[in-house]
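Residue numbers (my numbering), protein chains in the order written: chain A, 118 to 516; chain B, 63 to 204.
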């Protein structure tokens, strides 16, 4: 749906199935960014001329747009970052480093993205927190029962992706959030693969910190969001100091920082990118997140049904309720499969998808990943299926 | 090179590579090569006796280009002196990087003479040569 909104889909037979990596950008996003660069280029804060005031208004309005989009309590809870990775690092090194102590347990899973594992490993090296991995079920998903079983009196944080980027399983964050609330556990959610694709409710799911990236939801690269409860953000330390985030500083080395969210946005922020993100979110809200999610699920069901008819295709996550499908052509290395598909202008991703511990469960390191978005169609899937049906000739094509 | 012949050589070496499988022998030099720009992950081991390469073995997960290049490269280096091997590796890398090279040294390795047309495959083709070079450097630093 809405294919006409995307310049890269015009006059091209492109089948773009690499949306888990990044998404195509609607024309309205590019247009708003172009306007910033051609009509109202200016820095934010303290500009007294008309177009600087416009820039400032758009930048500040983006916080309100995000707030409405993910239903947090106020725009004070919305911090602009460089992306989801940066957001999670800010939580781990700006908040957790000062609030956790040796022996405190943090619960993760082995299907997390590197950005929700490595910061924790680094913090465990620094202060001796203990990382525990909650068990995944036979279809590599995380059940609420597994969460409950993993909690001990030392558990201080549960940090998980809402939707994982290889298996594509949708975790029941509402139930897990309630468990966290009742047990006094901090709930850190990586929303990089969920916020772009489905309705996420910060308050209803009792999330303490939520991270996501702009470029995975039709927005530009270089901007992301950290949503954190206001109290927690005020207790969180900035990782970056400079202009725009201080109230005052004096010759005697005394200084006062601004309140959240501004204390986390030192230096000139990615202004054009924030403006682009604003438009991307408005665009998605206009279509409706439930509609996007339903569209992707129906496409995935169709894709699974079609691929199950091809004997040499191995599927790893056919039941997960998202637009992500990981598979391999039997006996073919994932990268060779993606090079093969590229010959037909079908874009997928091959690899471990930054979830390097998942191999402990599925037994293989690399898969081909199809990840869908609102502009994918049944026709896209038919093209993919047709090419995979003929994959016995793969090396004639690849070599 | 004729494209059918090229494909046949690459596929033969992919489907039945020489010396696939490692041995438990401490007299071998060892290296792992986990390319930064692709997902191939291969282990290599090499034995040098009296300045000559008596064995090279490899194993791991890799694409058709990395696997076949490992096989063909091993075939062309077995029995060569370390000095000769360095010359072959040097010319092989020059070919991949589209520089001037001595064709007479490369034999079947010439199946990759057009790999630079696929930039995402260049590192795959180079991977075994980087691994073997690493082991030669380690040997020279002993």
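Here a beta-carbon is modelled for each residue, glycine too, at the ideal position from N, C-alpha and C. Computed from a predicted model, the values in this text were never measured in an experiment.
Contact residues of the stretch 441-473 of chain A toward chain B are 450, 451, 452, 453, 456, 467, 468 and 469 (C-beta to C-beta distance below 8 angstroms). In the structure shown, the three-state DSSP call for residue 211 of chain A is helix. At a cut-off of 9 angstroms, the C-beta of residue 129 of chain B has a neighbouring C-beta in chain A. Out of A:307, A:339, A:311 and A:348, the CA that lies nearest to the CA of residue 328 of chain A is found in A:307. 482 and 483: these are the residues of the stretch 482-504 of chain A whose beta carbon lies less than 8 angstroms from some beta carbon of chain B, given in chain order. Sequence-ordered contacts of the stretch 103-128 of chain B with chain A read 103, 123, 124, 125 and 126 [C-beta pairs closer than 8 angstroms]. Separation of residue 351 of chain A and residue 209 of chain A (C-alpha to C-alpha, rounded to the nearest whole angstrom) is 15 angstroms. Closest option to residue 160 of chain B, judged by alpha-carbon separation, among B:175, B:135 and B:138: B:175.
Look at residue 502 of chain A here: in three-state DSSP terms it is helix. Under the 8 angstroms Cβ criterion, the stretch 133-144 of chain B does not count as touching the stretch 500-511 of chain A, having fewer than three qualifying pairs. Partner residues in a beta bridge of residue 159 of chain B, as assigned by DSSP, do not exist.
Put simply, the backbone Cα of residue 271 of chain A is about 7 angstroms away from that of residue 220 of chain A.
Counting the other CB atoms within 10 Å of its CB gives residue 151 of chain A a total below 16, which places it among the exposed residues. Sequence-distant partners of residue 193 of chain B (beyond 5 residues in either direction) whose C-beta falls short of 6 angstroms from its own C-beta, in its chain, are 93, 95 and 106. Boundaries of the beta strand (DSSP E) harbouring residue 278 of chain A: 272-278, taken from the DSSP string. When 9 angstroms is used as the limit between beta carbons, residue 512 of chain A is near these residues of chain B: 69, 72, 73, 76 and 126, in chain order. Cβ contact annotation for residue 498 of chain A (same chain, cutoff 7 angstroms, sequence separation greater than five): 416, 419, 420 and 423, in chain order. Annotation for residue 119 of chain B: the continuous beta strand (DSSP E) segment containing it runs 114-123. Counting along the chain, residue 143 of chain B sits inside no beta strand (DSSP E), nor does DSSP assign it H or E at all. For a cut-off of 8 angstroms, the C-beta gap from residue 128 of chain B to residue 102 of chain B is around 4 angstroms, short enough to register as a contact. According to the DSSP secondary-structure assignment, residue 95 of chain B is paired through a beta bridge with B:104. Here the stretch 226-238 of chain A lies against the stretch 464-473 of chain A, with 3 or more beta-carbon pairs under 8 angstroms apart. For residue 235 of chain A, no chain B residue has a C-beta closer than 9 angstroms to its own C-beta; the minimum C-beta separation is roughly 16 angstroms.
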